[in-house]
Amino acid sequence: MSIRAEAWPAGGIQPDWTLNVVPSTQDESGRNVPLFESDDRRLVEACLAGQVEAFDVIVERHQRAVYQVCFRFVRRHEDAADLTQEVFLRAYRGLRRFRGEATLKTWLYRIGVNVCLNHVAGRQMQDTPLDEAPHLPAAGDDPALSFEKTRESARVRAAVARLPRKQRATLILRVYQDLSHREIALALGTTVGAVKANFFHALGNLKKLLAEDARGTS
Amino acid sequence: MTHLSPDQIVDVAEGCAGGAVAAHAAECETCRAKVASFLDAVRLAESDTPPQPSPLFWPQLAARIGAAVRRERVRVPFWRSWGWRLAPIGAVAVLVIAIGIGSRMRTGTPGSDPPDPALPVDAATQSALEPSADIEAADDPSWLLMSDLLAQVSVEEAEAYGALPPPGGTDKALLQLDLAEQMELARILREELGARAPALPQGPGA
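Each protein sequence line maps, in turn, to chains X and Z.
Every number in the working numbering is 523 more than the matching position in the first sequence, counting from 1.
Every number in the working numbering is 303 more than the matching position in the second sequence, counting from 1.
This is how it looks when you write it as structure tokens:
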């Protein structure tokens, strides 16, 4: 695509160059690689060079993972969508600070965890009412079993929401996002040993909370 | 005997414990129970399967983020994207500032000794001494805008964004001036050159 600057006021100084916008990056050998085939590092470089289309590819590639983390924290679709947008905006603003020590995905998780923890800080999360729990039974599912599954999911989600911040973030990234302990350490800015300890205590507390909940409802 | 620490229990549960730790877990009933309890909690946590949004949601979300990012780009300071267009303006500004400084050096700063009234004062010098001249310049919005812009832009930034005049930029800027402005600039330059040359030869008709 070639954009020629033509709309200059009469008498103004017109540029004698043409701006070429090619939706691609270059690999080591200088070969043009389409954006959607470029790796994350090259997409970041392209973004920093002013190619905003490269950021669209980053969004498309990682929005599901970021949304899922956000949903795990806020448990509401609309909030999760808003926070996902906020995560990507912050990533865009701070792209120059991405040094490639961790993968882009881990870096986005780090931003996501911070955004979500800030969002829920000081806010008493309400349990998702069962009638709002958006789990629809698949065709052929036993409705009674499906209802029980939905209720169990809601209980677990509510218990996870009551965990201390670091334990909660660790559990979400390990169990639901399948990050390694090292990746979680990078995302949370802590050590692998601390991540494992937090994971252990998070699961212990989860069991306790679920047991308390079961005693309360029985 | 020392039992396994939390991180060692995690290692055993995930099957990545070293020899001694794994051997202890195999022999110690207390630690085995902790590992089993840990794995039970993992299964509980995994039982929560969140609802998946509609497949149509993802393109919508991507478009929404893309629009927000593009709005963000608009917030970039305008002189970054307009840097090259500021070059001629910058060139004129530098010229005007240089002339202004030179003129003030010649006429004296506020508070300095007034010129000797016994000496003849030409019209240009007189107008430079008029208080209205400085007040007028200070009130001129274009001058204020230029001052503000230049105050915010460091030399390095100006150079990085191409706001310094390129070769020939000053010439181009001069060509943008209309006849009256060119004559005024010529007059100021003549004055300035005259002031710096103490003994300019006077023509026979002067």
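Every residue, glycine too, gets a C-beta built ideally from N, C-alpha and C.
So which residues on chain X does residue i lean against when the C-beta distance must stay under 8 Å?
| i | result |
| --- | --- |
| residue 375(Z) | 612, 615 and 616 |
| residue 312(Z) | 723 |
| residue 358(Z) | Result: empty, since nearest Cβ-Cβ is about 11 Å, beyond 8 Å. |
How many Å lie between residue i and residue j at the Cα?
| i | j | result |
| --- | --- | --- |
| residue 697(X) | residue 644(X) | 21 Å |
| residue 690(X) | residue 313(Z) | 14 Å |
| residue 666(X) | residue 351(Z) | 17 Å |
| residue 412(Z) | residue 392(Z) | With a pLDDT of only 46 at residue 412(Z), under 50, the local geometry of the prediction cannot be trusted, and no value is derived from it. |
| residue 706(X) | residue 622(X) | 15 Å |
| residue 680(X) | residue 701(X) | 17 Å |
| residue 310(Z) | residue 675(X) | 28 Å |
| residue 354(Z) | residue 365(Z) | 19 Å |
| residue 642(X) | residue 684(X) | 13 Å |
| residue 600(X) | residue 320(Z) | 39 Å |
| residue 563(X) | residue 362(Z) | 20 Å |
| residue 721(X) | residue 591(X) | 21 Å |
| residue 498(Z) | residue 476(Z) | 25 Å |
| residue 372(Z) | residue 699(X) | 28 Å |
| residue 482(Z) | residue 490(Z) | 12 Å |
| residue 398(Z) | residue 619(X) | 36 Å |
| residue 487(Z) | residue 494(Z) | 11 Å |
| residue 557(X) | residue 670(X) | 46 Å |
| residue 629(X) | residue 571(X) | 19 Å |
| residue 331(Z) | residue 308(Z) | 13 Å |
| residue 587(X) | residue 561(X) | 19 Å |
| residue 736(X) | residue 603(X) | 26 Å |
| residue 695(X) | residue 325(Z) | 26 Å |
| residue 724(X) | residue 668(X) | 30 Å |
| residue 595(X) | residue 317(Z) | 23 Å |
Compute the minimum distance between the beta carbon of residue i and the heavy atoms of the ligand MN, and state whether it is under 7 Å.
| i | result |
| --- | --- |
| residue 497(Z) | Among the components modelled here there is no ligand, and therefore nothing to report on the ligand MN. |
Kindly list, in the order they appear in chain X, the residues whose Cβ is closer than 7 Å to that of residue i.
| i | result |
| --- | --- |
| residue 369(Z) | 579 and 582 |
| residue 324(Z) | Simply none; closest approach about 12 Å. |
Assuming residue i and residue j are in contact, meaning their beta carbons sit under 8 Å apart, how far apart are those beta carbons, in whole angstroms?
| i | j | result |
| --- | --- | --- |
| residue 640(X) | residue 585(X) | Between residue 585(X) and residue 640(X) the Cβ distance is about 19 Å, and since that is not below 8 Å, they are no contact. |
| residue 636(X) | residue 607(X) | With a Cβ gap of about 13 Å, residue 636(X) and residue 607(X) do not count as contacting. |
| residue 677(X) | residue 732(X) | The pair is not a contact, with the Cβ atoms about 13 Å apart (cut-off 8 Å). |
| residue 597(X) | residue 368(Z) | About 17 Å separates the two Cβ atoms, so there is no contact after all. |
| residue 711(X) | residue 341(Z) | That belief does not hold up - the Cβ atoms of residue 711(X) and residue 341(Z) are roughly 20 Å apart, past 8 Å. |
| residue 349(Z) | residue 615(X) | Actually they are not in contact, since the Cβ atoms of residue 349(Z) and residue 615(X) sit about 33 Å apart, beyond 8 Å. |
| residue 730(X) | residue 347(Z) | 7 Å |
On the criterion of 16 or more Cβ atoms from any shown chain inside 10 Å, does residue i qualify as buried, or is it exposed?
| i | result |
| --- | --- |
| residue 693(X) | buried |
| residue 299(Z) | Summary: the structure shown does not reach residue 299(Z), with chain Z confined to residues 304 through 509, and so no result is reported for it. |
| residue 414(Z) | The predicted position of residue 414(Z) is uncertain, since its pLDDT is 43 and thus under 50; a value taken from the coordinates is nonetheless stated next. Per the 10 Å Cβ criterion, exposed. |
| residue 418(Z) | At residue 418(Z) the pLDDT is 46, less than 50, meaning the model places this residue with poor confidence and gives no usable figure here. |
| residue 337(Z) | buried |
| residue 565(X) | buried |
| residue 574(X) | buried |
| residue 480(Z) | exposed |
| residue 306(Z) | exposed |
| residue 496(Z) | exposed |
| residue 555(X) | exposed |
| residue 357(Z) | exposed |
| residue 334(Z) | buried |
| residue 655(X) | Any reading at residue 655(X) must be qualified, since the residue scores a pLDDT of 44, below 50, and its modelled position is unreliable; the value itself is stated next. Residue 655(X) comes out exposed. |
| residue 400(Z) | exposed |
| residue 633(X) | buried |
| residue 627(X) | buried |
| residue 738(X) | exposed |
| residue 394(Z) | buried |
Who are the neighbours of residue i on chain Z, taking C-beta pairs under 7 Å?
| i | result |
| --- | --- |
| residue 698(X) | 345, 348 and 349 |
| residue 690(X) | Here the premise fails: no neighbours, minimum Cβ distance about 11 Å. |
| residue 636(X) | Under the 7 Å cutoff, chain Z gives no residues; its nearest Cβ is about 17 Å from residue 636(X). |
| residue 679(X) | 347, 348, 350 and 351 |
| residue 594(X) | 353 |
Whose C-beta lies closer than 8 Å to the C-beta of residue i among residues of the same chain, with five residues either side of it excluded?
| i | result |
| --- | --- |
| residue 638(X) | 593, 606, 609, 610 and 613 |
| residue 370(Z) | none |
| residue 624(X) | 709 |
| residue 492(Z) | 402 |
| residue 344(Z) | none |
| residue 485(Z) | 477 |
Can you find the residues in the same chain that come closer than 7 Å, C-beta to C-beta, to residue i, ignoring five residues on each side of it along the sequence?
| i | result |
| --- | --- |
| residue 728(X) | 686 and 690 |
| residue 323(Z) | none |
| residue 719(X) | 704 |
| residue 715(X) | 704, 705 and 708 |
| residue 567(X) | 618, 621 and 627 |
Got a sec? Which residues, its chain only, sit under 6 Å from residue i by beta carbon, not counting five neighbours each side?
| i | result |
| --- | --- |
| residue 315(Z) | 328 and 338 |
| residue 559(X) | 580 |
Against residue i, what residues of chain Z qualify as contacts under a CB-to-CB distance less than 9 Å, listed in chain order?
| i | result |
| --- | --- |
| residue 568(X) | Chain Z residues near residue 568(X): none, gap ~17 Å exceeds 9 Å. |
| residue 469(X) | There is no way to answer for residue 469(X), as the model of chain X reaches only from 524 to 741. |
Could you name the residues of chain Z that residue i contacts, counting a contact when the two beta carbons are closer than 8 Å?
| i | result |
| --- | --- |
| residue 676(X) | 350, 351, 352 and 353 |
| residue 730(X) | 340, 343, 344 and 347 |
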